[in-house]
Structures are given as C-alpha cells and as structure tokens.
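Below is one structure, written out as structure tokens; comments come after it.
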C-alpha cells in the first residue's frame, strides 16, 4: 500500500525504484534468483508501480503457493542493498525513462498534461519520476522507503485460483505472521496527502513535436473516485464514459464524429474511478488530416452540449449495461484479472464488499443518474485541455519588394 503518490517531495520515482530493487539479493536468495525459481517451477512473475500501490505478482501452480509466499516474505523482511546495486539500478531506470518517456511525444505530452491537471496533488508527478530527481535517488532513500512501507500491516495478499481460504490463511500466518509490523506507519485508511484545490482557471498545454503522427486534443475534468460504501457517482461516470466513447461506433462521440460526419480518426471518453483520491473524466478527439485541433476541440464540445440536451437513448443505455456485465462475467474466468481487480480496489480504499456490490450498483444506476453525473462534470468551466501536435511550418521569407507598386504586362 505505497505508490508514487506517497513519495516525499524531491524523491519522485522512489516507489518504482524500490520495485526494481526488490529483485536483488536477500539473506536467502541471490540477485535475480527470485524470478529464476518462479520460472523453474513453471510460473511467471512481474511487478508494477501505480500512484497508490506497488504490486508483485506470480502465476504458478497451486501446489507452489507456499514457495511463493516464502520467497515474498523473505524479500519483505531481508532485502540486501548496497551502493553498487543502487547505482546500477538507477542507471537502468534512467534508461527505461529515456526509452519509454523521453523519446515518446505522447508520453511526454501526457506527463506535462498530468502536471497541469494536478496543481497540488501528487498524482501530477510521473510514476517513473522526473529524470533530475531519479538521478539523485540514493541508497538511503531506498532503505527509508523499504523500512517504512514494506511490512505485513501495510500489505494486501490476493490469491485467485485453486486454493481454499483456510489454506491461504495458514500459509499467510506461517510466512508473514512472523514479520514485525511497523507500528509507526500511518494507517492506510487515514493516510493524508496534499489535496487538490478547486480549479478556478482554465489550463492549456500545447506540446509540439515533429514526430507526432496523429495530433489530438485531450479535454480533462476533475471527477470523484469510487468510495467505500458510496459508489453511485462512480457507477454513473463509468456508464457515461461507455455511452460517450467507450463502446466503438455504438457510442455517441465515435458515431457522430467518426462514422456519420467523418471529421475524426478517433474519439474516446475515459473515466478511471479506482483511485484512492480524486480522478479525471477525459475526452479525446483525433481529427482527420486537414482539420485543426481547435476545430476538433469545438467538435467534441458541441457534441457534449447536444448530448446534455437530448439525453440518452434507452436502448443504447441497456446495451451498454449488458456489455459491461458480459465483460465482467468473462473476467471471472481470468484468475490474474480477478486478482488485479481486487488488489487495485483494496489498495484504493475500497472493501471486498464494495467489489462484490459493484455489479449491483451499476445495475441500479438509471439514465437520470448518468445525466446528473454528466451535468456535474461538464459544468466545470476550468478544464485542463491539451494539444499534442506538430510544430507549425515555418513561414516562407517575404520576398515582396519594399515598393508596393506592381507592374503587370500583357
């Protein structure tokens, strides 16, 4: 239960840095031996960092579950770090940032856009970290992070697959129950972060790069997250995103701007509610060549205005709800997806009961609930709008003679 949004100022990227370092040596394992043992036992493993949590996961046969817990407990308790390892891994992360972010116009644009959306909240920091701060991350920074957050009382264990609750509990008590808790860590449920103030001024981010193949506009509104015991607003916004732009040409924006009017290459609407803190509702419009981003912005906003007047077609509403429910049922057969769904929810302040109740909350959401959520989100005047675009072509030099008299001969 520690991610990029929990980092101290000046230490952006330390959560992701420690994720890398967790594959180094422990008292019982050599560096990189963790993944080798997983592979030798027919499994696979990986890890990732988000703003709210860091996840370590393995896919393995059920009779190897105890071995996985044993190794996870080992690196939770007895990780060995030194200056040489930190220096090597720091360079690996700098190169990762160079490959995934610094050479990608889209990634750089989204990084700048997030920083503009969040004036005060740490969601405005990149998960991988700002390069100049990554370069200064030290062994002591890594040890402080590890010793503060990597304890059983700050972790959630998710097991999906062929294992009983009794088996999992016994193994968890055997391997994690002997690791001391950190009594000084602030409880996750009451952990405080800087809050985002109300947005009272419009913000614009214009990022130009000659490598941009398909320019687009991104319009971002602040939106509420899913809250424990209070998921109704998030359910309405989830359905709104699908109705506007999440279900291909059956959604409002793609149907109007791509299929019928043929003004856009792509249009989408996005809402990610599984955050510990407030999130965003985003509209994307990638115009056809020949149309400007100003026109693309006006196009999508005009469609939103019309949507707020005309409302939702009941048949489309039922179709969207059916698609969401069908997708959820399909995901029940995917153990990894199921584990990730519960893990993301529980590390974002939700409960098991909230996850189980989510389908019923969606089913109980009405057209008026969705329209009310739409009016609340789209009534915000202080949006954050971004243009990802190519530089304007340089103007040709003016070769007109100073004398403005032009002779015409026939």
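Residue numbers (my numbering): 524 to 933. Think of the CB as a built atom: it goes at the ideal place given N, C-alpha and C, for glycine as much as any other residue.
Spatial neighbours of residue i in its chain, beta-carbon cut-off 8 angstroms, leaving aside the 5 residues before and after
i, result
"residue 811", "785, 786, 787, 788"
"residue 725", "904, 905, 906, 907, 908"
"residue 695", "592, 680"
"residue 943", "Residue 943 lies beyond the residue range present for the chain, which begins at 524 and ends at 933; the question has no answer from this structure."
"residue 528", "574, 575, 644, 645, 646, 648, 716, 799, 800"
"residue 685", "585"
"residue 854", "860, 861, 864"
Beta-carbon proximity check, residue i vs residue j, cutoff 8 angstroms
i, j, result
"residue 647", "residue 640", "yes"
"residue 872", "residue 751", "yes"
"residue 738", "residue 816", "yes"
"residue 896", "residue 806", "no"
"residue 743", "residue 802", "no"
"residue 780", "residue 822", "yes"
"residue 746", "residue 900", "yes"
"residue 826", "residue 782", "no"
"residue 885", "residue 847", "yes"
"residue 938", "residue 843", "Residue coverage of the chain in this structure runs from 524 to 933, which leaves residue 938 outside it and unanswerable."
"residue 831", "residue 796", "no"
From the options, residue whose alpha carbon lies closest to that of residue i
i, options, result
"residue 890", "841, 872, 902", "841"
"residue 734", "549, 537, 911, 555", "911"
"residue 983", "574, 569, 743, 618", "As displayed, the chain neither begins before 524 nor continues past 933, which places residue 983 out of reach and without an answer."
"residue 874", "885, 749, 773, 851", "749"
"residue 687", "797, 534, 728, 585", "585"
"residue 753", "654, 881, 850", "881"
"residue 571", "551, 563, 539", "539"
"residue 630", "652, 611, 614", "652"
"residue 530", "716, 553, 561", "716"
"residue 772", "791, 727, 573", "791"
"residue 556", "533, 595, 758, 534", "595"
"residue 534", "601, 613, 730", "613"
"residue 778", "756, 808, 796", "808"
"residue 637", "728, 677, 836, 561", "728"
"residue 683", "869, 879, 860, 915", "860"
Residue interval of the beta strand (DSSP E) (run including residue i)
i, result
"residue 664", "Element bounds for residue 664: not the beta strand (DSSP E) but the alpha helix (DSSP H), 662-672."
"residue 909", "907-912"
"residue 837", "Residue 837 -> not in any beta strand (DSSP E); alpha helix (DSSP H) instead, spanning 837-854."
"residue 803", "802-810"
"residue 682", "From DSSP, residue 682 is part of no beta strand (DSSP E); its letter is neither H nor E."
"residue 788", "787-794"
"residue 613", "Careful: residue 613 lies outside any beta strand (DSSP E), inside the alpha helix (DSSP H) at 606-620."
Neighbourhood of residue i by C-beta distance below 6 angstroms, restricted to the same chain and skipping five residues each side
i, result
"residue 926", "Note that residue 926 scores a pLDDT of 42, beneath 50, so its modelled location is shaky; the value from the coordinates is reported in the next line. Hits under 6 angstroms: none found."
"residue 706", "none"
"residue 567", "582"
"residue 732", "628"
"residue 634", "649"
Boundaries of the alpha helix (DSSP H) in which residue i is found, first to last residue
i, result
"residue 818", "816-833"
"residue 627", "Where residue 627 is concerned, there is no enclosing alpha helix (DSSP H), given that its DSSP letter is neither H nor E."
"residue 739", "Unbroken run through residue 739 is the beta strand (DSSP E), 739-746; no alpha helix (DSSP H)."
"residue 541", "537-544"
"residue 698", "688-698"
"residue 761", "755-764"
"residue 657", "654-657"
"residue 859", "858-869"
"residue 727", "Premise fails: residue 727 lies in the beta strand (DSSP E), 726-731, not in any alpha helix (DSSP H)."
7 angstroms Cβ shell around residue i - same chain, five flanking residues per side excluded
i, result
"residue 866", "578, 679, 681"
"residue 917", "none"
"residue 627", "none"
"residue 923", "Here the model assigns residue 923 a pLDDT of 48, short of 50, so the residue's position is not dependable and the matter cannot be decided."
"residue 526", "538, 572, 573, 574, 575, 576, 577"
**Asked** Pairing CB atoms from the region 696-703 with CB atoms from the region 713-723, are three or more of them under 8 angstroms?
**Response** Contact fails: fewer than three Cβ-Cβ distances are below 8 angstroms.
**Stretch-stretch touch, CB-based, cutoff 8 angstroms, three pairs: the region 599-608 with the region 531-547** = yes
**Prompt:** Is there contact here, the region 659-674 with the region 622-629, by at least three beta-carbon pairs under 8 angstroms?
**Reply:** no
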